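S.K.: This is the structure I want to talk about, given as structure tokens.
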Amino acid sequence: MIQTGEYTCLEIMTRTVEGKKGYVVLRDTEGRENRYEAGKKYYQWLKIPVERQSSYELTSRDAEISLAYLSGCENILEKGICFIEPADGGISLSSREAAAYYDTPYREQYHFAPWKNWMNDPNGLCWYQGYYHMYYQYNPHGQEWSNMYWGHAASPDLVHWTHLPVVLEPQKEVLEQADIRKGGAFSGSAVVLDDETVFYLTRHLGPMEDGEETVQQQWMTRSRDMLEFEPEKLVIGEHPVGASFDFRDPKVLKVGDVWYMVLASAVDGQAAILLYRSEDMEHWDYVKPLVTEPEEGVRCFECPDFFPLDGSFTAWGALMCHRDVYGRYQMSRYYIGEFRDENFTVKSTGWFDFGSNCYAMQSFEHEGRRIAIGWISDFYGEHVEVENGAYGSMTIPRVLHVKNDRLYMTPAEEIYTLKSERLYTGEKENIHLEHIAGNSFYAEITFSENTDFNLLLGRDGKKEIRFIKEKDFAGIRTSGVKSEGISFPADVDMVRDMEIFVDRRAVEIFINGGEAAGTKLFYNSGTEGCFVLEAERPEAVTRAEVTKMQSVWQ
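In UniProt numbering, the protein residues as written are 1 to 554.
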């Protein structure tokens with residue numbers, strides 16, 4: 001039985017079993033029932049009014065339910081939606097307290113992840129009326145990429161996130177022809193004004209294989225409560241001459257009195273970030289390519305960003321289909337320089353995450369901080385699918401700075417509030433923590449000199465993940481997994497200090513106060529972790545600490 005509490009709406013995504021005529025039935029305690037037809041080729045998104053403080057029985061007949069939750073309460077930003085999951089042959093109400101649900105070997109405990117199924121790029125990151133908001137690319141129906149919705153979560157502190165209702169869905173023509181077409185609400189961004197937020201996103205419509213028939217257009221919409229959106233308006237319908245059909249992921253900023261939009265594309269066969277300008281946020285004129293990437297083997301940029309930072313301007317973008325000299329796939333590059341008279345002069349460039357499992361990072365500004373969050377991707381096919389599992393999660397929030405023409409990224413200070421039981425504190429010795437219960441911890445190490453070392457961060461049978469400093473190499477290496485044989489160098493001359501976040505299947509490493517950052521997946525079938533340091537000169541370890549991290553789903 002479903003207990004509605006203060007909720008007033010039941011949202012269900014349902015599809016009929018092939019060859020059947022499926023439906024769902026909602027029955028109240030007095031025996032009255034209503035039937036709702038499931039979608040045929042696609043999942044029908046039902047929004048059914050329910051009474052507060054009432055009980056209902058929900059059953060399905062020849063229909064699959066991919067996602068179901070209660071929504072529509074007065075304090076939903078704080079309380080969140082309430083998920084409903086099949087249990088014991090029926091339907092039972094899941095508690096908002098999701099700690100037990102998330103407590104599996106393959107689910108992070110303090111990185112944001114969806115309730116279940118596929119997620120990718122963060123969209124519309126912003127602060128609005130007391131909450132951080134994160135929208136994201138979402139397939140609520142399975143653990144693989146498919147036609148895109150926008151999921152939504154909010155947080156008062158960048159750490160504890162509340163799941164909120166899905167806000168956007170694929171276009172009708174995509175849903176009705178899902179067997180021959182793909183598309184939906186692709187990535188976009190948000191601009192916060194005084195009493196509303198303006199969203200920009202790409203709508204994709206095309207055949208199953210991308211090509212010249214693919215249509216990508218830029219749309220805008222507005223919201224005053226971040227839950228209900230106004231009808232979308234087309235603002236850029238065609239890509240400019242010379243640009244490819246890859247034409248997406250709008251990010252908008254204001255410089256002086258002019259609004260600018262950057263878009264990901266390719267021009268004349270080279271990945272390019274395109275620059276548009278507007279006086280009113282609705283009518284956009286193409287200016288020129290802001291950045292053109294000379295690297296070969298890049299189909300296009302994805303998920304560009306552009307913003308002022310510490311006296312310079314920074315642009316970045318993800319390199320689609322690119323593999324670097326070390327074998328890393330689809331890395332992302334940043335560019336630092338000057339922006340004058342709509343010309344961006346690049347002074348320096350580099351990779352913004354050496355682990356190559358961080359993609360589509362998006363930034364926003366709040367109270368003087370430039371904050372960024374990226375998608376923890378899986379480009380090496382290492383995902384382990386389990387029932388009610390999630391494909392994809394988000395990095396911890398990072399604070400950005402430019403120092404010495406280099407992009408620095410450090411963990412947002414809020415993440416340290418999750419530190420709990422101290423497992424180790426020491427100096428001038430190697431460390432042997434072989435069995436860390438929960439496999440969700442934080443470590444920091446400081447070195448007095450440039451010593452070589454081998455640091456084991458995860459082991460599952462014959463599978464291992466290590467950070468190694470030897471001779472001229474400092475970086476991540478794995479063994480026994482699909483990324484074995486690929487090097488992940490950190491591009492630093494020496495390692496003076498490290499911050500390491502291990503969270504079940506995700507590892508994030510920050511070196512030398514943010515000089516380099518690396519994100520790497522490592523699936524461990526158990527919930528015991530390890531932290532084993534073997535240094536050539538243990539006396540060079542001036543300080544080391546390992547601390548358990550609390551779950552944000554408590």
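We treat Cβ as the ideally placed atom computed from N, Cα and C, and that holds for glycine. In this text the structure is predicted, and so the values were computed from the model without any measurement.
#1: Report, in whole angstroms, the separation of the C-beta atoms of G124 and A185, which I expect to be a contact under 8 Å.
#2: Compute the Euclidean distance between the alpha carbons of Q216 and A272, then round it to the nearest angstrom.
#3: Please classify M361: is it buried, with 16 or more other beta-carbons within 10 angstroms of its beta-carbon, or exposed?
#4: From the DSSP secondary-structure annotation, give me the bridge partner or partners of V192.
#5: What's the gap between the Cα of R333 and the Cα of L168?
#6: On a CA-only basis, which of A490, T221, Y132 is nearest residue 556? Give me that one, please.
#7: Mind checking which residues open and close the beta strand (DSSP E) that includes Y418?
#8: Grab the span of the beta strand (DSSP E) containing K79 for me, first residue to last.
#9: Determine which residues share a DSSP beta bridge with residue 555 and list them.
#10: Just to confirm the assignment: which complete alpha helix (DSSP H) runs, minimum length 4, are found wholly within the region 307 to 357?
#11: So is L319 buried or exposed if we call it buried at 16+ other beta carbons inside 10 Å?
#12: Terminal residues of the continuous alpha helix (DSSP H) containing A113?
#13: Do you know offhand how far E414's Cα is from I48's?
#14: Give the secondary structure of P538 by DSSP, where H, G and I count as helix, E and B as strand, and everything else as coil.
#15: Buried or exposed: S377, going by 16 or more other Cβ atoms within 10 Å of its Cβ?
#16: Going by alpha carbons, who is nearest to K482 out of K548, A490, K462?
#17: Identify whether L175 lies in helix, strand or coil by the three-state DSSP scheme.
#18: By how many angstroms is the C-alpha of S55 removed from the C-alpha of M1?
#19: Give me the Cα-Cα distance between P304 and A315, rounded to the nearest whole angstrom.
#20: Can you tell me whether Y101 is helix, strand or coil according to DSSP?
#21: A474 and V507 look like a contact to me (Cβ under 8 Å); what is the Cβ gap, rounded to whole Å?
#22: Go ahead and pull the three-state DSSP assignment for E511.
#23: How is F453 classed by DSSP in three states: helix, strand or coil?
#24: Quick test of your reading: S71 and E11, contact by CB under 8 Å. State the CB separation rounded to the nearest angstrom.
#25: Quick one: is residue 558 buried, meaning 16 or more other Cβ sit within 10 Å of its Cβ, or exposed?
#26: Kindly indicate which residue of S487, D157, V546, Y523 has the alpha-carbon position closest to the one of G327.
#27: With a Cβ-Cβ cutoff of 8 Å, do T418 and Q550 count as a contact?
#28: Based on Cα-Cα distance, which residue from S223, V399, H283 lies nearest to L309?
#29: Applying the criterion that 16 or more other CB atoms from any shown protein chain within 10 Å of the CB defines a buried residue, is S440 buried or exposed?
#30: Helix, strand or coil: which one does DSSP assign to W259?
#31: May I have the straight-line CA-CA distance separating P207 from N454, to the nearest angstrom?
#32: When DSSP labels each residue in this structure, what does Y138 get in the three-state scheme?
#33: Out of W553, V291, V552, which one is the CA nearest neighbour of E342?
#34: If E515 sits next to R369, beta carbons under 8 Å apart, how far is it from one beta carbon to the other, in whole angstroms?
#35: Return the Cβ separation of W127 and V192 in integer angstroms, given the expectation that the two are a contact with Cβ distance under 8 Å.
#36: Taking all protein chains shown into account, decide if W145 is buried (16 or more other Cβ within 10 angstroms of its Cβ) or exposed.
M.R.: Walking through what the data contain:
#1: Here residue 124 is taken as the residue at index 124 of the sequence shown, counted from 1. Here residue 185 is taken as the residue at index 185 of the sequence shown, counted from 1. Contact flag wrong, Cβ pair sits at about 11 Å.
#2: One-based indexing of the sequence shown puts residue 216 at position 216. One-based indexing of the sequence shown puts residue 272 at position 272. The straight-line gap from Cα to Cα measures roughly 16 Å.
#3: Counting from one through the sequence shown, the residue named residue 361 turns up at place 361. By the 10 Å Cβ count, M361 comes out buried.
#4: Looking up residue 192 in the sequence shown gives position 192. DSSP output for V192 lists T197 as bridge partner(s).
#5: On the sequence shown, residue 333 is found 333 positions in, with the first residue counted as 1. On the sequence shown, residue 168 is found 168 positions in, with the first residue counted as 1. For R333 and L168, the distance between alpha carbons rounds to 29 Å.
#6: Nothing can be reported for residue 556, as the shown portion of the chain is limited to 1 through 554.
#7: Taking the first residue of the sequence shown as position 1, residue 418 is located at position 418. Note on identity: in this sequence residue 418 is Leu, with Tyr being the wrong assignment. Segment: none, L418 is in no beta strand (DSSP E) and carries neither H nor E.
#8: On the sequence shown, position 79 is the one that residue 79 refers to. Where K79 is concerned, there is no enclosing beta strand (DSSP E), although the alpha helix (DSSP H) it sits in stretches over 76 to 79.
#9: There is no way to answer for residue 555, as the model of the chain reaches only from 1 to 554.
#10: none
#11: Position 319 of the sequence shown, counting from 1, holds the residue named residue 319. L319 is buried by the Cβ-count criterion.
#12: Position 113 of the sequence shown holds residue 113. That residue, A113, is in no alpha helix (DSSP H); it is neither H nor E in DSSP.
#13: By one-based count along the sequence shown, residue 414 stands at place 414. By one-based count along the sequence shown, residue 48 stands at place 48. Approximately 38 Å between the Cα atoms of the pair.
#14: Here residue 538 is taken as the residue at index 538 of the sequence shown, counted from 1. Helix.
#15: By 1-based counting over the sequence shown, the position of residue 377 is 377. By the 10 Å Cβ count, S377 comes out buried.
#16: Taking the first residue of the sequence shown as position 1, residue 482 is located at position 482. Answer by Cα proximity: K462.
#17: Looking up residue 175 in the sequence shown gives position 175. Here L175 sits in helix by DSSP.
#18: Locating residue 1 in the sequence shown gives position 1, where the first residue counts as 1. Locating residue 55 in the sequence shown gives position 55, where the first residue counts as 1. So the alpha carbons of these two residues sit roughly 6 Å apart.
#19: As a working mapping, residue 304 is identified with position 304 in the sequence shown. As a working mapping, residue 315 is identified with position 315 in the sequence shown. Taking the straight line from one Cα to the other gives about 7 Å.
#20: Along the sequence shown, read from residue 1 onward, the residue named residue 101 stands at position 101. Residue state, collapsed to three classes: helix.
#21: Counting from one through the sequence shown, the residue named residue 474 turns up at place 474. Counting from one through the sequence shown, the residue named residue 507 turns up at place 507. Not quite, the Cβ-Cβ distance comes to about 15 Å (not below 8 Å), so this is no contact.
#22: Residue mapping note: residue 511 aligns to position 511 of the sequence shown, counting from 1. Glu is not the amino acid found at residue 511; the sequence shown has Ile there. Correct three-state label for I511: strand.
#23: The residue you call residue 453 lines up with position 453 of the sequence shown. Here F453 sits in strand by DSSP.
#24: Taking the sequence shown and counting its residues from 1, one reaches residue 71 at position 71. Taking the sequence shown and counting its residues from 1, one reaches residue 11 at position 11. Confirmed, about 6 Å.
#25: Summary: the structure shown does not reach residue 558, with the chain confined to residues 1 through 554, and so no result is reported for it.
#26: As a working note, residue 327 is residue 327 in the sequence shown. Considering only alpha carbons, the answer is S487.
#27: Sequence index remark: in the sequence shown, residue 418 carries index 418 (1-based). Sequence index remark: in the sequence shown, residue 550 carries index 550 (1-based). Going by the sequence as given, residue 418 is Leu instead of Thr. Closer than 8 Å, so yes.
#28: The residue given as residue 309 occupies position 309 in the sequence shown. It is V399 whose Cα lies nearest to the Cα of L309.
#29: Start at 1 with the first residue of the sequence shown, and residue 440 comes out as number 440. Buried, since its Cβ has 16 or more Cβ neighbours within 10 Å.
#30: One-based indexing of the sequence shown puts residue 259 at position 259. Strand.
#31: Within the sequence shown, numbered from 1, the residue matching residue 207 stands at position 207. Within the sequence shown, numbered from 1, the residue matching residue 454 stands at position 454. Straight-line Cα distance between these residues: approximately 48 Å.
#32: For this step, residue 138 is matched to residue 138 along the sequence shown. Of the three classes helix, strand and coil, the one that applies to Y138 here is strand, per DSSP.
#33: Within the sequence shown, numbered from 1, the residue matching residue 342 stands at position 342. Minimum Cα distance to E342 is reached at V291.
#34: Working through the sequence shown from its first residue, we reach residue 515 at position 515. Working through the sequence shown from its first residue, we reach residue 369 at position 369. At roughly 19 Å, the Cβ-Cβ gap does not stay under 8 Å, so E515 and R369 are not in contact.
#35: Stepping through the sequence shown from its first residue, residue 127 is reached at position 127. Stepping through the sequence shown from its first residue, residue 192 is reached at position 192. Yes, W127 and V192 are in contact; Cβ-Cβ is about 7 Å, under 8 Å.
#36: Against the sequence shown, residue 145 aligns to sequence position 145. Exposed is the call here.
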